[in-house]
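Trainee:
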Amino acid sequence: MSTRYPCCGNRRGSPTTDFYISIAKNFIFNKINLNMTSQELRREFLNFFIRKGHKIIPSASLIPKETDPTVLFTTAGMHPLVPYLLGEKHPFGKKLVNIQKCVRTRDIDKAGDATHLTFFEMLGYWSLNDYWKEESIKNSFNFFTEILKLDKNRISVTVFEGNKDIHRDTKTAQIWETIIKFPKKRIYYLPTEDNFWGPTGQIGPCGPCTEIFYDMNLPICGKNCKPGCHCSKYVEIGNNVFMEYEKTDKNKFVKLKQKNVDVGLGLERIAMIMQNATTVYETDLFLPIIREIRKYTGSTQANLKSERIIADHIKGAVFLISEGILPSNVERGYVLRRILRRAIRYGKLLNLPKNFLNSLVQKVIEIYQNVYPEIKIKQTDILTVIQNENEKFEKTLEAGLKELKSQIADCKFKKIKNLTGKVVFDLYQSYGFPLELTKEIAKEQSLEIDEQGFNEEFKKHQKLSRTASSGMFKSGLADASERTVKYHTATHLLHQALRQVLGNQVIQKGSNITAERLRFDFSYPQKMTEEQIKKVENIVNEKIKENLLVICREMNLENAKKSGALGLFEEKYGEKVKVYFIGDPSDSSRPVFSKEICAGPHINRASELGHFKIIKEESSSAGVRRIKATLD
Ligand code: SER
Numbered sequence: 003m004s005t006r007y008p009c010c011g012n013r014r015g016s017p018t019t020d021f022y023i024s025i026a027k028n029f030i031f032n033k034i035n036l037n038m039t040s041q042e043l044r045r046e047f048l049n050f051f052i053r054k055g056h057k058i059i060p061s062a063s064l065i066p067k068e069t070d071p072t073v074l075f076t077t078a079g080m081h082p083l084v085p086y087l088l089g090e091k092h093p094f095g096k097k098l099v100n101i102q103k104c105v106r107t108r109d110i111d112k113a114g115d116a117t118h119l120t121f122f123e124m125l126g127y128w129s130l131n132d133y134w135k136e137e138s139i140k141n142s143f144n145f146f147t148e149i150l151k152l153d154k155n156r157i158s159v160t161v162f163e164g165n166k167d168i169h170r171d172t173k174t175a176q177i178w179e180t181i182i183k184f185p186k187k188r189i190y191y192l193p194t195e196d197n198f199w200g201p202t203g204q205i206g207p208c209g210p211c212t213e214i215f216y217d218m219n220l221p222i223c224g225k226n227c228k229p230g231c232h233c234s235k236y237v238e239i240g241n242n243v244f245m246e247y248e249k250t251d252k253n254k255f256v257k258l259k260q261k262n263v264d265v266g267l268g269l270e271r272i273a274m275i276m277q278n279a280t281t282v283y284e285t286d287l288f289l290p291i292i293r294e295i296r297k298y299t300g301s302t303q304a305n306l307k308s309e310r311i312i313a314d315h316i317k318g319a320v321f322l323i324s325e326g327i328l329p330s331n332v333e334r335g336y337v338l339r340r341i342l343r344r345a346i347r348y349g350k351l352l353n354l355p356k357n358f359l360n361s362l363v364q365k366v367i368e369i370y371q372n373v374y375p376e377i378k379i380k381q382t383d384i385l386t387v388i389q390n391e392n393e394k395f396e397k398t399l400e401a402g403l404k405e406l407k408s409q410i411a412d413c414k415f416k417k418i419k420n421l422t423g424k425v426v427f428d429l430y431q432s433y434g435f436p437l438e439l440t441k442e443i444a445k446e447q448s449l450e451i452d453e454q455g456f457n458e459e460f461k462k463h464q465k466l467s468r469t470a471s472s473g474m475f476k477s478g479l480a481d482a483s484e485r486t487v488k489y490h491t492a493t494h495l496l497h498q499a500l501r502q503v504l505g506n507q508v509i510q511k512g513s514n515i516t517a518e519r520l521r522f523d524f525s526y527p528q529k530m531t532e533e534q535i536k537k538v539e540n541i542v543n544e545k546i547k548e549n550l551l552v553i554c555r556e557m558n559l560e561n562a563k564k565s566g567a568l569g570l571f572e573e574k575y576g577e578k579v580k581v582y583f584i585g586d587p588s589d590s591s592r593p594v595f596s597k598e599i600c601a602g603p604h605i606n607r608a609s610e611l612g613h614f615k616i617i618k619e620e621s622s623s624a625g626v627r628r629i630k631a632t633l634d
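Next up, the structure:
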């Protein structure tokens, strides 16, 4: 089965290699060693697994589909595969491979170190109830040592030490030792935090894992330094997850119907090793951006962290905007706002000119346009969104400066030499002032800042926001998937009813489902009238009463489009897709009500939904409305 794969670009020739070589020639400081460009690395990886019988699946959207509403972004290649890890049949078979764009918000504050990134690409491969531990470990190890020719002596591995629910993974350690002939002294047992992976949300597939580390030949950071340590000596380059469990809403781990292997390797980190770099920022995936920043600043040690944060964040922002996300104060939009504003702030710290982000956007596009063409297509939107946000943020910064000046005056009046941690944190939190910026301004006025106090406030806040975000999607979903599935089917009815009442220009812009309600965002420029809301509600309830059948048909994308199925066609679907019909397409006596391309899952008959009620209609962002609705 053939498939469209965005990462490969043109498979007949190799323009992409030329492209990277041309970048290399342009390096101002040409320290990079292009032993293997990132594009060659992508290709070697895919080819290796194709030779081993895997089928390529395209990189999915950064916005997860409703299959897992507890997470904001696609954080790993397995994310879009959840239904198949749980037992659904994948149209491409049991052995899959891909390169997935990912965003991990928990790493935002770590960006700027050697290896943590907000946006990254994951080289992933899967066995869905096909081969198991031994073959997957061999695959990963052979890819690293035979294809990439990494030094075996610098590799070490970790395995799961066990916990009260799941036993120690001695089998995996034994495979490393006896089949791979890996030295026992470099096999480490680590606890759940390190060697048990998933689920991505609160429930779902998960399992013990074995991680592969590469020694960067740096000195150890202390006597406990070993793989899993957070200094940059041991870099995790691969993770084989043995997904045979599912975490349930009751906080229990039950065995899945099938045994899966989910493997992820970090492209940027491997590129770093292949290109003899010491941080991901010195690879071809980052250098053009860093070089652009240095056109303004020159290269000084003191700027390193700021320029890396800017480079990481602008990349994340470009990809998020290309998916249609706009800066806002909630959820995905908030993450985008946060990284954009952080990039702007650090730009100020480096005295970069106003609108410096525009030329960096250009660099991000140059690096990725042959791999993810959508960012080139969306270039104008991306630049507009960034410029608008820049202007809004300027105003906030002005207000922050006023506040800071008044705090400084207060200190001087009271003859205090320190800005308190609380003041510094408030400036950070409410006005987006980085610690370093406040410190610098305070210093100009011969004041110090209470850094320790700031850190304490910061920790307090982190704890609070962790609690808030785990409550954000309420356990809900869990109590149980049956309810979530009902809400999911209800969104299809709602989508179609909205189109009937408001017109066919209405299209889904987002969806979030908990056990308590559905939330549905759609394009429409103005507030709905009471009458329109009532009409939509009535149509949905009529269709429920008609007890329409919900039917899934697999078909190729072209036929799905021809059938008139709704879908977000800017996204990359595989060649085969599932279309969910509400109303039986083979029953010519009654028209089908809704047709949507969707991964599922859904209920079987509309009558299972009960009564549908719209509880709120409000604005979500410019040109996008939001409906919250319940079933009872
Ligand atoms: N899901 C695992 C990870 O993200 C392996 O792909 O590390």
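All you need for my numbering is the position in the sequence shown, starting with 1, plus 2. Beta carbons: idealized from backbone N, C-alpha and C, even for Gly. Quantities reported herein were computed from a predicted structural model and do not represent experimental measurements.
Where do the N-terminal and C-terminal ends of the alpha helix (DSSP H) with D383 fall, by residue?
Mentor: Here the alpha helix (DSSP H) through D383 covers Q381 to F415.
Trainee: Kindly examine the ligand SER and report whether one of its heavy atoms sits closer than 7 Å to the Cβ of G126.
Mentor: yes
Trainee: Thinking C-beta only, is K488 closer than 8 Å to E333?
Mentor: no
Trainee: Which whole-angstrom value describes the C-beta separation of T486 and I515, a residue pair presumed to lie in contact below a C-beta threshold of 8 Å?
Mentor: Their Cβ separation, rounded to whole angstroms, is 5 Å, which keeps T486 and I515 in contact under 8 Å.
Trainee: Using C-beta distances below 7 Å, list every residue in its chain close to L635, excluding the 5 sequence neighbours before and after it, in chain order.
Mentor: Given that the chain is displayed from residue 3 to residue 634, the structure contains no residue 635 and the question cannot be resolved.
Trainee: Do the CB positions of E640 and T160 come within less than 8 Å of each other?
Mentor: Because the chain here runs from 3 to 634, residue 640 falls outside it and cannot be looked at.
Trainee: Judging by CA-CA distance, which residue of T117, W178, R296 and R343 is the nearest neighbour of S234?
Mentor: T117
Trainee: When every heavy atom of the ligand SER is checked, does at least one fall within less than 7 Å of the C-beta of W199?
Mentor: yes
Trainee: Does I311 come out as helix, strand or coil in the three-state DSSP assignment?
Mentor: helix
Trainee: For Y2, which beta-bridge partners are listed by DSSP?
Mentor: Since the first and last residues shown for the chain are 3 and 634, residue 2 lies out of range.
Trainee: Leaving out the 5 sequence neighbours to the left and right, which residues in its chain are closer than 6 Å to S622 when beta-carbon positions are compared?
Mentor: D523 and R628
Trainee: Once DSSP output is grouped into helix, strand and coil, what is the label at E620?
Mentor: E620 falls in the strand class under three-state DSSP.
Trainee: Do you know offhand how far I110's Cα is from I341's?
Mentor: Distance between the alpha carbons of I110 and I341 is about 8 Å.
Trainee: For F198, name the three-state secondary structure that DSSP assigns.
Mentor: strand
Trainee: Go through its chain and collect everything with a Cβ distance to R607's Cβ below 8 Å, but skip five positions before and after it.
Mentor: N549, L550, L551 and V552
Trainee: Using the Cβ count rule (16 or more neighbours within 10 Å means buried), how would you classify A517?
Mentor: buried
Trainee: Considering A279, what are the terminal residues of the beta strand (DSSP E) in which it resides?
Mentor: Per DSSP, A279 belongs to no beta strand (DSSP E) and is neither H nor E.
Trainee: Would a C-beta distance cut-off of 8 Å place S61 and Q102 closer than the cut-off?
Mentor: yes
Trainee: Identify whether Q528 lies in helix, strand or coil by the three-state DSSP scheme.
Mentor: If DSSP states are grouped into helix, strand and coil, Q528 belongs with coil.
Trainee: Work out the CA separation of Q409 and V425 for me, nearest whole Å.
Mentor: Distance from the CA of V425 to the CA of Q409, rounded to the nearest whole angstrom, comes to 8 Å.
Trainee: In angstroms, rounded to a whole number, what distance separates the CA positions of I58 and K187?
Mentor: 36 Å
Trainee: Would you mind sorting R53 into buried or exposed? The rule is 16 or more other CB atoms within 10 Å of its CB.
Mentor: In this structure R53 is exposed. Its beta-carbon is surrounded by fewer than 16 other beta-carbon atoms within 10 angstroms.
Trainee: Whose C-alpha, out of K407, A401 and S432, is nearest the C-alpha of L421?
Mentor: K407
Trainee: Using 7 Å as the cut-off, classify the Cβ of V237 as near or not near the heavy atoms of the ligand SER, replying yes or no.
Mentor: no
Trainee: Going by Cα to Cα distance, which pick from I605, Q528, G55 and L568 is closest to V626?
Mentor: Q528
Trainee: Less than 6 Å between C-beta atoms, sequence neighbours within five positions excluded: which residues of the same chain meet that for D171?
Mentor: V161, F162 and P210
Trainee: Please tell me whether, using a cut-off of 7 Å, the distance from the CB of N241 to the nearest non-hydrogen atom of the ligand SER is below it.
Mentor: At least one heavy atom of the ligand SER is nearer than 7 Å to the Cβ of N241, so yes.
Trainee: Whether or not the region 192-208 and the region 239-251 are in contact is what I'm after, with contact meaning three or more pairs of Cβ atoms, one per stretch, closer than 8 Å; do they touch?
Mentor: yes
Trainee: Can you tell me which of the three DSSP states I546 falls into?
Mentor: Taken through DSSP and simplified to helix, strand or coil, I546 comes out as helix.
Trainee: Contact criterion: CB-CB distance below 8 Å. Does I616 meet it with respect to chain C?
Mentor: Of the chains in the structure shown, none is chain C; there is only one protein chain.
Trainee: With 16 other CB atoms within 10 Å as the buried threshold, where does I222 fall?
Mentor: Exposed, by the Cβ-count rule.
Trainee: Give the straight-line distance between the Cα atoms of G203 and F47, rounded to the nearest whole angstrom.
Mentor: Their Cα atoms are separated by approximately 28 Å.
Trainee: Since I believe G206 is in contact with V84 (beta carbons under 8 Å), could you give me their beta-carbon distance rounded to a whole number of angstroms?
Mentor: 6 Å
Trainee: Go through its chain and collect everything with a Cβ distance to K135's Cβ below 7 Å, but skip five positions before and after it.
Mentor: Around K135: K173, T174, I177 and F244.
Trainee: Got a sec: does the ligand SER put a non-hydrogen atom nearer than 7 Å to the Cβ of A78?
Mentor: yes
Trainee: Just checking, does the region 277-287 make contact with the region 131-150 on the three C-beta pairs under 8 Å criterion?
Mentor: Flag = no, the region 277-287 and the region 131-150 do not touch.
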